[in-house]
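In this note's numbering, the protein residues as written are 11 to 99.
Glycine included, every Cβ here is placed at the ideal spot set by N, Cα and C.
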């Protein structure tokens, strides 16, 4: 049975990293960084948007900015049949 992450990569999900800058609730002049990473769909990033919505509704630190990096890891078109296997000692 393939793992959930592997199946998601075949569906087009790629590793997404977001650097989230936010203001400290008690000291709004100070900005702190939080790194979020998960598999997500480019270009709309529904998982990241869901997380940022949760952040805005549930956490006290006001969002300052978000930088996103995304890389496709494995896609269905990158898979191919292997005709031979070689073993090196």
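The beta-carbon separation of residue 58 and residue 50, rounded to 6 angstroms, stays under the 8 angstroms limit for a contact. In the structure shown, residue 63 falls within a helical segment according to DSSP collapsed to helix, strand and coil. Going by DSSP, residue 70 is part of no beta strand (DSSP E) at all; its letter is neither H nor E. Going by beta carbons, residue 31 and residue 41 fall inside the 8 angstroms limit. Closest in alpha carbon position to residue 19, among 33, 48, 43, 39, is 48.
DSSP links residue 37 through a beta bridge to no other residue.
Cβ neighbours of residue 81 within its own chain (closer than 6 angstroms, five residues either side excluded): 24, 25. With contacts defined by Cβ atoms closer than 8 angstroms, residue 66 and residue 27 do not form a contacting pair.
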